[in-house]
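Okay, so the sequence shown: first residue is 1 according to UniProt numbering, each after it adds one.
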Amino acid sequence: MKENSAPKATTVPDELNITDLLERQVESDPQNVLFKRQLTEGEWTEVGAREFRADVVALAKGMIARGVEPGDRVAIMAPTRYEWTLLDFAGWYAGAVIVPIYETSSPAQVAWILEDSRVTFIVVDSASHEKVVDRAVSQERIEGLRHILRLDNDDLDTLRADGSAVTDAAVESARSQAGLKDTATIIYTSGTTGRPKGCVLTHGNFAELSLQTLQNLNHVVRKDSSTVMFIPLAHVFARFIAVLSVAAGATVGHTADVKKLVDDLGTFRPTFLLAVPRVFEKIYNAALLKAEGDGKGKIFQKAADTAVEWSKAQQAGNVPLMLNLKHKLFAKLVYSKLLDRMGGRVQHAVSGGSPLGARMGHFFHGIGVTILEGYGLTETTAPITVNTPENLRIGTVGHPLPGNEVKIADDGEILARGVCVFPGYWNRPDLQEETFDGDGWFPTGDVGSLDDEGYLTITGRKKEILVTAGGKNVSPNQLEDQIRSDAIVSQVVVVGDNRPFVAALVTLDPEILPQWLTKRGIDPQTPMEELIGREEIRQHIQSVIDRANESVSRAESIREFRLIAEDFTIDSGHLTPSMKIRRPQVLQDYAQEIDAIYS
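Here is the structure:
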């Protein structure tokens, strides 16, 4: 199959915008809990639809009083927290276009976004973020930014007071001006190369896509479901789920500190999770290391293997009796404890951002959490395709959502068209012709395939396909995903373009490594520079690579690797804020190490 499309599942009026999703909630059930706020650790305070809307309107009035007009750009630079979504909707009620900025952004990155989008009003989280904005404005002489507010003081209360004289009619006029085709937000791609481009996403991209998506995921995201948001709301994936949850009437909590995530899951008790694959890998690896530390490593491994085997058999439609009995036994002994650590109510998880290995998908499905892996980009408002509980094929990213289409080009590139696809890049009309073909298809830059039943599988990035000196095409992702799933591996970059063979750079996970070392009688305080030279570490990484190599041909297999003492992080410039590898930057910064492999 070369093409798959899904017709729209519901009709959405042209005049609808994102704010109407909240209006519908208030009208249908004003007391329905849309959010829970953690004002004190471990205790969550409910926020109903009417209460949330009242505060949204109060803040929108403040923005209008300070000169924000429909179409003006309002920026938010803060970690994931309740106020992020509160301000997002307040801006939309004021008729503004929201510009998210990652809290980790440098002054130069902030300056570019402020200048390119012409932001007039920005809300930041703290004094440190305000300093970044001030430096950006002064160094690049940014003009037009009139207001900087902070969340860690009384600025929002002042904003509410400023709007006291603004009428409800003024807010309604500003709120209702936008329709499906009008711009809702400009999201700057984190970019693995070059200067970020501003992706223009419309009210229709979010609102209509949400309403279409709910026709497929109504068993996952609905009025009695809930989730804890912890990935950055500056990222389109989290932002879409935030809007989708309002459309469904689901309850959302927030946590900015991933280290407290397990505790927050325990007190909030969500029914579904939203995460990138690395989070699921860390949950698995932490459980494995804890089991090993308790002397139950072999039991856990048998339980994990059983979960995977059971999931595969269940998908095939035939679970043998003995396998079913083993699965039930481990459900009591092992799986239940893992589920309890996630709050005890999680049934589904939505995964995106990068591929999730099939084994990891089967493992979680086998313990009782169905991971619905999807695929999309900033330019597609996150999801183009997604697996659903009714149509699940682990190892794929599912079917197109209603109102969307995917097609495989002759060179294997995935093309997208439909409700999810953006209209173009901000201030870049010169890119329009290369962004869309004559039939409106958007080339994603990813390579994949459609099976006979229309399930999409991603095989790699078009620009990241390596071609060895022997002419062999190699997709790094397939190897990297398998190696990165190991407990002590943090990041891996496969190299070999125009080289005689494939090799890899590997970094170790500083959070998990101490437990692994202690279990093996190695001092966990040993410096990383010394650890990467230890034979025990090298042998372990070699065994991980050997397993990954079993999935590819000899010509595609990794022949050598180098352990790198410094991890690849956002701060080091080697990861994007959405945790994707900045491959060109890694290749540039570690050119000496790569050359040494081939010398």
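By construction, the Cβ of each residue, glycine as well, lies at the ideal position given by its N, Cα and C atoms. If you're wondering where the values come from, they're calculated on a predicted model, not measured in any experiment.
- Taking 4 residues as the shortest admissible run, the stretch 30 to 73 contains the following complete alpha helix (DSSP H) segments, listed from N- to C-terminal end: 49 to 65.
- Rounded to the nearest whole angstrom, the C-alpha separation of GLN212 and ALA247 is 11 Å.
- Ranked by how close their Cα comes to the Cα of ILE564, the residues THR526, VAL586, LEU505, ASN549 have LEU505 in first place.
- A straight line joining the alpha-carbon of ASP72 with that of ALA291 spans about 54 Å.
- Pairing HIS348 with SER578 gives a Cβ-Cβ distance that is not under 8 Å.
- Assigned with DSSP and collapsed to three states, ASP446 falls in strand.
- With fewer than 16 other Cβ atoms inside 10 Å of its own Cβ, THR167 counts as exposed.
- With at least 16 other beta carbons inside 10 angstroms of its own, GLY496 counts as buried.
- The residues VAL33, LYS36, in chain order, have a CB closer than 6 Å to that of GLU46 in the same chain once the five nearest residues on each side in sequence are set aside.
- When secondary structure is reduced to three states using DSSP, ILE597 falls in the helix class.
- Of the candidates GLU535, ARG222, GLU23, ALA78, the residue whose Cα lies closest to the Cα of VAL57 is GLU23.
- Looking at the DSSP output, GLN491 bridges to THR507.
- In this structure the stretch 404 to 413 lies against the stretch 449 to 460, because at least three pairs of beta carbons, one per stretch, are closer than 8 Å.
- Rounded to the nearest angstrom, the gap between the Cα atoms of GLN177 and GLN301 is 57 Å.
- As for any beta strand (DSSP E) of minimum length 3 sitting wholly inside the stretch 226 to 259, the runs are 226 to 229, 251 to 254, ordered along the chain.
- At a Cβ-Cβ threshold of 8 Å, SER105 and TRP426 do not count as neighbours.
- A contact is defined here as three or more CB-CB pairs under 8 Å, and the stretch 202 to 211 meets this definition with respect to the stretch 173 to 189.
- For LEU333, there is no enclosing beta strand (DSSP E), as DSSP marks it with neither H nor E.
- With respect to the C-alpha of GLN315, the residue from GLY361, ALA65, TRP516 having the closest C-alpha is GLY361.
- Taken through DSSP and simplified to helix, strand or coil, ILE570 comes out as coil.
- Less than 8 Å separates the beta-carbon of LEU401 from that of ALA6.
- Within the same chain, ALA248 come within 8 Å of ASN218 by CB-CB distance, once the 5 residues on both sides are set aside.
- Nearest to LEU274 by alpha-carbon distance, out of SER173, ALA286, ALA503, VAL258, is VAL258.
- Assignment of SER311 by DSSP, reduced to helix, strand and coil, places it in the helix class.
- Shown here, TYR375 sits in a strand according to DSSP, grouped into three states.
- Of the other Cβ atoms in all chains shown, fewer than 16 fall within 10 Å of the Cβ of LYS181; this residue is therefore exposed.
- The beta carbon of PHE364 lies closer than 6 Å to those of ILE371 in the same chain, with the five residues before and after it left out.
- Take the alpha-carbon of LEU86 and the one of VAL252: they are about 12 Å apart.
- The Cβ atoms of TYR102 and PRO232 sit closer than 8 Å to each other.
- If you check the CB distance, LEU159 and PHE422 do not come in under 8 Å.
- With a cutoff of 8 Å on beta-carbon distance, VAL447 and ASN4 are scored as not near each other.
- Under the three-state reduction of DSSP, HIS362 is assigned to helix.
- Using a C-beta cut-off of 8 Å, the stretch 485 to 502 makes contact with the stretch 539 to 557, since at least three inter-stretch Cβ pairs fall below that distance.
- Closest by C-alpha distance to GLY42, out of ASP224, THR255, THR189, TYR93, is THR255.
- Note that the C-beta distance between VAL132 and ALA78 is not below 8 Å.
- Listed in chain order, the beta strand (DSSP E) elements of length 3 or more contained wholly in the stretch 139 to 214 are 147 to 150, 183 to 188, 198 to 202.
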